[in-house]
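Mapping of the sequence shown onto the working numbering: position 219 corresponds to residue 309, and the numbering continues sequentially without gaps. Heads up, the beta-carbon is just placed ideally off N, CA and C, and yes, glycines get one too. The structure appears right after this line, and notes come after that.
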Amino acid sequence: MANPRKAPEIISELAAEFAGTLILILFGVGVVAQVVAGGLGDHDSIAWAWGLGVTLGVYTAGRISGAHLNPAVTVALAVFKGFSWRKVLPYSLAQTAGAFVAALIVRWNYADVLAAFDPGHTFKSQFVFSTMPGNGALPVGLWAAFGDQIIGTAILLFLILAVTDLNNTAPAANLAPFIIGLIVVAIGMAWGTNAGYAINPARDFGPRLASFLTGYGTAWRDQYGQLYFWVPIVAPLIGGVLGAGLYQALVGRYLPITEEPEPGRIPTEPEHGPA
Numbered sequence: 091m092a093n094p095r096k097a098p099e100i101i102s103e104l105a106a107e108f109a110g111t112l113i114l115i116l117f118g119v120g121v122v123a124q125v126v127a128g129g130l131g132d133h134d135s136i137a138w139a140w141g142l143g144v145t146l147g148v149y150t151a152g153r154i155s156g157a158h159l160n161p162a163v164t165v166a167l168a169v170f171k172g173f174s175w176r177k178v179l180p181y182s183l184a185q186t187a188g189a190f191v192a193a194l195i196v197r198w199n200y201a202d203v204l205a206a207f208d209p210g211h212t213f214k215s216q217f218v219f220s221t222m223p224g225n226g227a228l229p230v231g232l233w234a235a236f237g238d239q240i241i242g243t244a245i246l247l248f249l250i251l252a253v254t255d256l257n258n259t260a261p262a263a264n265l266a267p268f269i270i271g272l273i274v275v276a277i278g279m280a281w282g283t284n285a286g287y288a289i290n291p292a293r294d295f296g297p298r299l300a301s302f303l304t305g306y307g308t309a310w311r312d313q314y315g316q317l318y319f320w321v322p323i324v325a326p327l328i329g330g331v332l333g334a335g336l337y338q339a340l341v342g343r344y345l346p347i348t349e350e351p352e353p354g355r356i357p358t359e360p361e362h363g364p365a
């Protein structure tokens with residue numbers, strides 16, 4: 091019998107990205123379904139569950155793939171940290187697939203509650219799965235949402251690089267996922283109004299596709315009828331590169347150099363010699 095540990099490296103990495111993103115979306119989309127359709131909890135519940143989902147997803151995949159869980163992270167690491175460009179598309183597809191499958195599970199689990207809350211599967215519950223300007227209710231336009239997603243993802247990547255840079259005051263490897271989760275909680279609490287803080291193309295597109303295939307015919311559009319699905323894809327990719335670039339320009343370039351792990355990996359604790 092073949093030893094699964096002998097599988098090609100890229101296969102194990104893609105499996106980890108799929109699994110980590112699956113965990114992330116199970117908690118993230120699940121909590122929105124519970125709050126919106128079930129009436130249990132509030133925005134703070136959503137922010138905390140998304141952050142914990144990120145933490146648990148990173149713990150799931152971190153040792154094998156680096157736990158990007160987000161194409162914006164993968165692209166930014168390829169641009170600035172030497173992550174292999176040949177892995178960018180496969181990682182992104184694995185992340186999107188994990189998000190898609192997780193959303194299908196949430197859709198099935200909460201089918202009765204969603205049907206009771208919104209029998210027509212309209213914009214009223216569409217944002218359980220995918221984001222919309224102003225969360226489908228506030229007077230926010232498409233381009234305001236686009237700018238918001240650039241800013242939110244720039245903040246995310248700036249801080250991810252700050253807490254995973256071994257040249258900086260990075261937390262130990264076992265704490266890095268927790269800190270990254272707190273970053274997402276903070277973004278959700280401060281930057282969730284204009285566009286629902288997707289800050290992750292896979293997080294939005296995978297569940298959006300799942301909702302479209304299960305009855306949400308308007309999934310690709312916003313509440314104004316405009317095609318919107320591209321905004322949480324394009325804007326986070328721009329914002330991620332911008333945020334990572336700002337970190338490198340303002341902080342990273344001035345730090346003393348120490349030995350770096352393989353690009354795209356979670357940092358490990360530095361080894362110390364005898365005192």
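Item, Value
"Counterpart residues of Leu317 in DSSP-defined beta bridges", "Arg311"
"Simplified DSSP state of Pro364, which is helix, strand or coil", "At Pro364 the pLDDT is 37, less than 50, meaning the model places this residue with poor confidence; the figure from the coordinates comes in the next sentence. Correct three-state label for Pro364: coil."
"Separation of Trp310 from Pro223, as counted between CA atoms", "13 Å"
"For Val165, the three-state DSSP class (helix, strand or coil)", "helix"
"Supposed contact pair Leu228 and Ala127 - C-beta distance, whole angstroms, cut 8 Å", "Contact doesn't hold; Cβ gap of about 19 Å is too wide."
"For Leu256, the first and last residue of its enclosing alpha helix (DSSP H)", "Per DSSP, Leu256 belongs to no alpha helix (DSSP H) and is neither H nor E."
"Val331 beta carbon less than 8 Å from that of Trp140", "no"
"Pair within 8 Å by beta-carbon distance, Leu159 and Thr111", "yes"
"Between the CA atoms of Trp138 and Ala276 - distance to the nearest angstrom", "9 Å"
"Three-state class that DSSP yields for Met222 in the structure shown", "coil"
"8 Å contact criterion, which Gln313 and Phe213 should meet: CB distance rounded", "5 Å"
"Distance between Gly118 and Val178 (C-alpha atoms, nearest Å)", "24 Å"
"The alpha helix (DSSP H) enclosing Ala184, as first and last residue numbers", "178 to 199"
"Residues near Val125 in its chain [Cβ-Cβ closer than 7 Å; skip 5 each side]", "Gly131, Asp132, Ser135, Ile136"
"Where Ile323 falls: helix, strand or coil (DSSP)", "helix"
"Closest residue to Phe190 among Ala292, Thr145, Asn257 (Cα-Cα distance)", "Ala292"
"Of the listed residues Ile115, Pro322, Ala325, Asn284, nearest to Thr145 (C-alpha basis)", "Ile115"
"Nearest residue (CA-CA) to Val324, options Ile240, Leu247, Ala166, Phe108", "Ile240"
"Length of the line joining the Cα atoms of Glu107 and Glu99", "12 Å"
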